[in-house]
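Per my numbering, residue 150 is the first one in the sequence shown, and the count goes up by one each step.
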Amino acid sequence: VARNLIRNVLQVSWTVPKQLSKRERISFSESRSMDIAPGSDTRRLRVVGWVEDAQGRVIAAAQSRCAKP
Numbered sequence: 150v151a152r153n154l155i156r157n158v159l160q161v162s163w164t165v166p167k168q169l170s171k172r173e174r175i176s177f178s179e180s181r182s183m184d185i186a187p188g189s190d191t192r193r194l195r196v197v198g199w200v201e202d203a204q205g206r207v208i209a210a211a212q213s214r215c216a217k218p
C-alpha cells in the first residue's frame, strides 16, 4: 500500500509590489534544503509540489518518482 509522509512543508505568499506593464516580467523562485532523516531509504522518497492561485485553486503540480528497487 502506497503511503505519503509529509515533511518540510513550505508555504510562501508572493505579492507583486506594483502593476506590471505588458513589457515587464516578474519571476519568483524559492529554494530550501530538505533534511532527510538518518536511516531513510532514499530510493523510496519523492518530492511533490504544487502552485495555487489567490483563490486556492491548484494551477500546476508535479512529483518525482521513486526509484525502482
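Backbone N, C-alpha and C fix where the C-beta goes; we use that ideal spot for every residue, glycine too.
Determine the extent of the beta strand (DSSP E) in which residue i is found, giving its start and end residues.
| i | result |
| --- | --- |
| TRP163 | Here TRP163 belongs to no beta strand (DSSP E), and DSSP marks it neither H nor E. |
| GLY198 | 197-201 |
Taking C-alpha atoms, which residue in the options lies nearest to residue i?
| i | options | result |
| --- | --- | --- |
| GLN160 | ARG214, ARG181 and ARG192 | ARG181 |
| GLU179 | TRP199, ARG214 and ARG193 | TRP199 |
| ASP190 | LYS167, CYS215 and ALA210 | CYS215 |
| TRP163 | ILE175, SER170 and LYS171 | ILE175 |
| GLN177 | GLY205, VAL165 and ALA209 | According to the sequence displayed, residue 177 carries Phe and not Gln. Out of GLY205, VAL165 and ALA209, VAL165 has the C-alpha closest to the C-alpha of PHE177. |
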